[in-house]
Each structure stands twice: as structure tokens, then as C-alpha cells.
Amino acid sequence: EPEVTQTPSHQVTQMGQEVILRCVPISNHLYFYWYRQILGQKVEFLVSFYNNEISEKSEIFDDQFSVERPDGSNFTLKIRSTKLEDSAMYFCASSGETSSEQFFGPGTRLTVL
Amino acid sequence: DAKTTQPNSMESNEEEPVHLPCNHSTISGTDYIHWYRQLPSQGPEYVIHGLTSNVNNRMASLAIAEDRKSSTLILHRATLRDAAVYYCILRANFNKFYFGSGTKLNVKP
Chain X
1 EPEVTQTPSH
11 QVTQMGQEVI
21 LRCVPISNHL
31 YFYWYRQILG
41 QKVEFLVSFY
51 NNEISEKSEI
61 FDDQFSVERP
71 DGSNFTLKIR
81 STKLEDSAMY
91 FCASSGETSS
101 EQFFGPGTRL
111 TVL
Chain R
1 DAKTTQPNSM
11 ESNEEEPVHL
21 PCNHSTISGT
31 DYIHWYRQLP
41 SQGPEYVIHG
51 LTSNVNNRMA
61 SLAIAEDRKS
71 STLILHRATL
81 RDAAVYYCIL
91 RANFNKFYFG
101 SGTKLNVKP
């Protein structure tokens with residue numbers, strides 16, 4: 001069964017460093033998403049991506065964040081200068097249509113020290 | 001701002017139906033209602049979604065109030081594997097998702 005994969009499973013970084021979180025969505029999907037979940041809190045939408053551009057983003061997704069689909073299979077989230085409050089689980093998801101079922105990856109736990 | 005409110009937790013007995021409520025009084029006419037659930041240490045998993053009419057699938061049913069300001073996710077026969085956090089979500093604009101704080105469902109054997 002096709003699935004969304006994410007790497008790494010856990011990333012530890014120093015405050016101020018850049019990190020790139022990687023995702024491989026399901027191959028025939030067209031819509032891609034990033035979410036974050038701070039420990040013990042709800043899931044929060046960051047950004048949606050379609051046709052090689054951002055379609056929606058939340059207030060959390062400021063200039064420190066960027067997304068890219070560099071090669072037609074990977075979908076990346078970059079945080080330019082990490083802050084302590086960026087520590088969270090980051091989930092990637094993909095869907096075939098905009099309002100259909102999203103398939104989530106297992107997440108990357110980001111720890112900023 | 002589209003938002004949803006849910007009870008923090010609910011409890012059910014195994015094999016009994018469960019009704020998980022969600023209020024979304026600020027919903028606009030084009031917002032879809034989605035439900036996902038999250039098992040411990042996993043990513044969210046799709047349950048069901050709808051716009052105006054009630055919806056049924058193999059996992060659950062979604063009952064949407066006539067004014068669309070609330071909805072209820074119905075699990076017809078809860079099992080121990082249904083123990084999870086259930087999120088009521090509004091999809092607004094084209095592709096922007098607003099998660100509620102979630103209801104933690106505990107299923108007792």
C-alpha cells in the first residue's frame with residue numbers, strides 16, 4: 001500500500017541553524033501539506049502546495065519557513081533560522097484531490113536546543 | 001477565522017455507539033467539515049468529510065446540522081482500536097485547514 005515517508009525521524013539542531021525536513025508523498029498525488037504539532041497540543045496547519053506553488057499558508061508560516069518540490073518526488077520544508085519554539089513534530093501529508101483524504105507521514109520530531 | 005470546538009475527552013464502552021460533537025458556529029458556506037483521528041505516536045488518519053448532507057463510510061457517519069454550525073461524528077460500534085484523539089477540522093478557502101483541539105476518546109472493554 002502506498003504511503004507517505006518522512007526523513008529524518010528525529011532531528012536535533014542548535015537555535016539559529018537551518019533545517020530541512022524531507023517528505024516523499026504518494027506518487028500520483030497532487031496536493032501536499034505540512035503540519036506541526038507541539039508536544040501535547042493540537043495539530044496545526046502550516047502550508048498547502050499545489051502545481052508547484054503555495055496555495056494556502058497559516059499565520060505560523062512566516063518568512064522563516066519555505067517549501068519546495070525540487071525533483072518531482074520530494075517535498076521539503078525548510079526553516080531558515082530555528083527558534084526554541086520550533087521544537088515540534090512536523091507532519092507531511094498528500095492527497096489526490098483538494099477535498100479528499102489526506103495521507104499523513106509518520107512525522108519528523110524536531111528538537112531545537 | 002474558522003474554528004471548531006470539541007469536548008476534551010469522552011468515554012465509551014466497547015461495542016456501543018459513540019457520538020462525538022463539534023461546534024463550528026463561524027463556518028462559512030464553502031467550508032468543508034473533515035474528521036481525522038490520531039492514534040498515539042502516529043500521524044493523523046482520515047475518517048470522513050462532508051459539506052451539507054450527512055455522510056456514511058465504512059469507518060463512521062457524519063451528521064451535519066441543518067444550519068451547519070455543528071456536526072457529530074458517529075462511530076457505530078466502538079472497538080478498543082478506536083481509542084484515539086478525534087479532530088474536527090474546517091477546510092476553508094481553497095486548501096486551508098483549521099484543526100480543533102481534539103476529543104480524546106477512551107474505549108472501555
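Residue numbers (our numbering), protein chains in the order written: chain X, 1 to 113; chain R, 1 to 109.
The beta carbon of each residue, even a glycine, is placed where N, CA and C say it ideally should be.
None of the values given here were measured: they were computed from a predicted structure.
Would the beta-carbon of residue i fall within 7 Å of that of residue j?
i	j	result
Ile27 of chain R	Gly50 of chain R	no
Glu16 of chain R	Ala78 of chain R	yes
Lys83 of chain X	Gly102 of chain R	no
Tyr36 of chain R	Val18 of chain R	no
His34 of chain R	Ile74 of chain R	no
Ser87 of chain X	Val4 of chain X	no
Ser9 of chain R	Lys104 of chain R	yes
Arg36 of chain X	Leu46 of chain X	yes
Glu115 of chain X	Ser48 of chain X	Beyond the ends of chain X as shown, which are 1 and 113, falls residue 115 of chain X; an answer cannot be given.
At the level of alpha carbons, what is the spacing between residue i and residue j?
i	j	result
Val19 of chain X	Gly43 of chain R	21 Å
Ala84 of chain R	Asn106 of chain R	7 Å
Glu14 of chain R	Arg80 of chain X	47 Å
Glu68 of chain X	Gln17 of chain X	19 Å
Phe61 of chain X	Leu62 of chain R	31 Å
Gly107 of chain X	Phe32 of chain X	14 Å
Glu59 of chain X	Met15 of chain X	21 Å
Ile54 of chain X	Ile38 of chain X	23 Å
Lys96 of chain R	Lys3 of chain R	12 Å
Phe103 of chain X	Glu45 of chain R	7 Å
Asn52 of chain X	Leu30 of chain X	9 Å
Gly96 of chain X	Lys108 of chain R	36 Å
His24 of chain R	Thr5 of chain R	7 Å
Tyr32 of chain R	Ala92 of chain R	7 Å
Leu77 of chain X	Gly105 of chain X	14 Å
Ser71 of chain R	Thr30 of chain R	15 Å
Leu39 of chain R	Tyr50 of chain X	28 Å
Lys69 of chain R	Cys92 of chain X	29 Å
Asp63 of chain X	Leu80 of chain R	43 Å
Met89 of chain X	Gln6 of chain X	11 Å
Asp82 of chain R	Glu85 of chain X	32 Å
Cys22 of chain R	Asn56 of chain R	17 Å
Ala60 of chain R	Asn54 of chain R	11 Å
Glu1 of chain X	Thr52 of chain R	31 Å
Glu44 of chain X	Pro7 of chain R	18 Å
Gly40 of chain X	Trp34 of chain X	18 Å
His76 of chain R	Ser100 of chain X	22 Å
I'd like to confirm something about residue i: is its beta-carbon nearer than 6 Å to some heavy atom of the ligand ATP, or not?
i	result
Leu113 of chain X	You won't find the ligand ATP in this model; it holds no ligand whatsoever.
Since residue i and residue j are thought to touch, with beta carbons under 8 Å apart, how far apart are those beta carbons, to the nearest angstrom?
i	j	result
Tyr87 of chain R	Phe99 of chain R	5 Å
Any Cβ of chain A within less than 7 Å of the Cβ of residue i?
i	result
Asn106 of chain R	Absent from the structure is chain A; the protein chains it does hold are X and R.
- Message: Using a Cβ distance threshold of 8 Å, determine whether the stretch 63–80 of chain X contacts the stretch 23–33 of chain X, with at least three qualifying pairs required.
- Response: yes
- What beta strand (DSSP E) runs, 3 residues minimum, are completely inside the stretch 23–86 of chain R? 32–38, 45–50, 61–64 and 70–75
- Query: Within the chosen definition, does the stretch 102–113 of chain X reach the stretch 8–16 of chain X through at least 3 CB pairs nearer than 8 Å?
  - Reply: yes
- Query: What are the start and end residues of each continuous beta strand (DSSP E) run of 3 or more residues lying completely inside the stretch 2–37 of chain X, in chain order?
  - Reply: 5–7, 10–13, 19–24 and 31–37
- Message: Going residue by residue through the stretch 26–98 of chain X, where are the continuous beta strand (DSSP E) segments of at least 3 residues, counting only ones entirely within it?
- Response: 31–37, 44–50, 53–57, 65–68, 75–79 and 88–95
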